[in-house]
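Here the structure comes first, spelled out in structure tokens, and everything after it is commentary.
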Amino acid sequence: MKTFDYKLPTGKRMSKKTILVVEDDASLREALCETLQMAGFGTVDAAHGQAALPMLERGDIGLVISDVQMASMDGHALLQEVKGRWRELPVVLMTAYGSIERAVAAMRDGAADYLVKPFEAQVLIEMVSRFLPAMDQRNSGIIAVDPCTREMVELATRVAGTDATVMLSGESGTGKEVFARLIHQLSPRRNAPFKALNCAAIPETMLESMLFGYEKGAFTGAYQARAGSFEQAQGGTLLLDEISEMDIGLQAKLLRVIQEREVERLGGQQPIKLDVRVLATTNRNLRAEVEQGRFREDLFYRLNVFPLNVAPLRQRRDDIVPLAENFVASFAAPGAGTVITEEAKLKLIGHDWPGNIRELQNVVQRALILAVGDTIRFEDIRFEEAVRNYADSVAPTGTSHYGGASALSDADVGTENGLGDDLRNREQQLILDALCAERGRRKETAERLGISPRTLRYKLAKLREEGVRLPAAVGA
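Counting from 372, one number per residue, gives the positions in the sequence shown under the numbering used here.
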């Protein structure tokens, strides 16, 4: 069989940069990190400038957000250190209202911008998005060896030359966003912006302002006007990722913008004409969502002009080994020359991959940790069930089903360890059981689990990204 290894014209890999949050107030530092994580950004944190310097040596920091008033090394001293050693690294300072003049002076010294405390979460996210526009861009290349994948690439290529709205459906982890980027890169809009907005990862209260933008003074914390995602994608493509998670009230406003091809910012008076192509993804059956009243029928037909179903990995078995080899090349040490034995390849091909490409990525990373030398063998391939069985054999008995630190804690947000997959599965079941017990009510669920409502919101957003259906609140 002829191998069809399709790469986008750019041929570049975008590195996912991390945000370093420097703040001596532990509660505020945690809140900032959780807000950024909910929006899809990776974070690390430090309590003062001196503690931040070793983290900057890592080389993967793409933005520094620092308080000004801190002991040991304050924000201004940190700014001078950063600009002396990492001149291109943007630094945003956070300051109290009375220190604005000093913040402006700091911008003359090299600060990229400043935030005036207190500020709203959407102001933070909008500012971060300006400095990390390429955040979370995955490898745009598509390895298409299997005939099923080659057919999907052919369909995407044909629709790319039109301006039709495309609805990409499929299970979580199949690569829907990768195909959306392919459509954009092969379209006449390729030199214009590509803007992706994850409707599941952003709180409902923020999503409207991020979509449509807002004027200065539109709400508390709106210190200056911001363009929304539609305006930022002007002339290009806007991807509405996991559109099925959007609140039905906001769906009506979205429909009007798409129909009228114009947007009005929150607090604004003048409509702004749009020239934007809209793509959308979903891991649900949208027709069923329409029938059950959770998705507007008119919006469904407006978005579903050209449906493209991205098949699960178990239906694209000829892609499994090439994808695995590609992940090995990405994750292994430079120049390692790591190879996969034939027995290990057969084991990969024989698995059903319920987690699709994301699961394959995890398995490859796990195999590289377990492998001895530069060869991945049969025994190095460990699937979730094998990890779960091992965890069960060492788990203590008599653990409470719910309850504070014994179950979930605020500190575990975004962390992983050697048994990460198994722990995530256990955590997921705890959350779902608690939601059902509390009839979907979020506040009561957080109290039952012994975590903060903010932590629960973050975890629910991650579950939605993974395609987990969450129970709706009843009688809330």
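A virtual CB, placed ideally from N, CA and C, is assigned to each residue, including glycine.
{"Item": "Residues bridged to T414 [DSSP beta-bridge criterion]", "Value": "I390"}
{"Item": "Close-in-space but distant-in-sequence residues of the same chain around L460 (CB under 7 Å, 5 per side omitted)", "Value": "I432, V435, V453"}
{"Item": "Cα-Cα separation, D783 to E798", "Value": "With a pLDDT of only 41 at D783, under the threshold of 50, the placement of this residue in the model should not be trusted, and no figure is reported."}
{"Item": "DSSP beta-bridge partners of G584", "Value": "A598"}
{"Item": "Among F702, E730, A742, the one whose alpha carbon lies nearest that of A715", "Value": "A742"}
{"Item": "C-beta contact flag for L610 and L650 at 8 Å", "Value": "yes"}
{"Item": "Classification of D480 by the beta-carbon crowding that lies within 10 angstroms, buried from 16 upward", "Value": "exposed"}
{"Item": "C-beta contact flag for I629 and R665 at 8 Å", "Value": "no"}
{"Item": "Status (buried if at least 16 other CB within 10 Å, exposed otherwise) for D669", "Value": "exposed"}
{"Item": "For E542 and G811, believed in contact at Cβ under 8 Å, the rounded distance", "Value": "Incorrect: roughly 24 Å between the Cβ atoms, too far for contact."}
{"Item": "Beta-carbon gap between L449 and A423 smaller than 8 Å", "Value": "yes"}
{"Item": "Selected residue, minimal CA-CA separation from E405, among P824, R840, L637, R835", "Value": "P824"}
{"Item": "Length of the line joining the Cα atoms of A695 and G638", "Value": "49 Å"}
{"Item": "Close-in-space but distant-in-sequence residues of the same chain around V347 (CB under 8 Å, 5 per side omitted)", "Value": "Since the first residue of the chain shown is 372 and the last is 847, residue 347 is not available in this structure."}
{"Item": "The stretch 716-730 touching the stretch 577-593, judged by at least three CB pairs closer than 8 Å", "Value": "no"}
{"Item": "Environment of Q800 [buried if 16+ CB atoms lie within 10 Å]", "Value": "exposed"}
{"Item": "Cβ-Cβ separation, D395 to M441 (assumed contact under 8 Å), whole Å", "Value": "5 Å"}
{"Item": "Within 8 Å, strictly: CB atoms of Y672 and M409", "Value": "no"}
{"Item": "V537, DSSP secondary structure in three states", "Value": "strand"}
{"Item": "Given T389 as reference, the closest of E522, A397, V415 once Cα atoms are compared", "Value": "V415"}
{"Item": "Coarse secondary structure for L557, derived from DSSP in three states", "Value": "coil"}
{"Item": "Same chain, Cβ closer than 6 Å to A598, neighbours up to 5 away in sequence not counted", "Value": "G584"}
{"Item": "Whole alpha helix (DSSP H) elements within the stretch 686-743, 4-residue minimum", "Value": "691-702, 713-721, 727-741"}
{"Item": "For K644, the residue or residues it bridges with in DSSP", "Value": "E633"}
{"Item": "Helix, strand or coil at N796 [DSSP, three-state]", "Value": "helix"}
{"Item": "Exposure of P683, with buried meaning 16 or more beta-carbon neighbours within 10 Å", "Value": "buried"}
{"Item": "C-alpha distance - G413 paired with E660, whole-angstrom precision", "Value": "32 Å"}
{"Item": "Strand pairing of N569, partner residues [DSSP]", "Value": "D612"}
{"Item": "Neighbourhood of G446 by C-beta distance below 6 Å, restricted to the same chain and skipping five residues each side", "Value": "S437, D438, V439, L464"}
{"Item": "Proximal residues to R748 (C-beta, below 8 Å), its chain only, five neighbours per side dropped", "Value": "T712, E714, A715, A742"}
{"Item": "Euclidean distance between Cα positions of M478 and V681", "Value": "46 Å"}
{"Item": "Three-way DSSP call (helix, strand, coil) for D445 in this model", "Value": "coil"}
{"Item": "Helix, strand or coil at T591 according to DSSP, with G and I counted as helix", "Value": "coil"}
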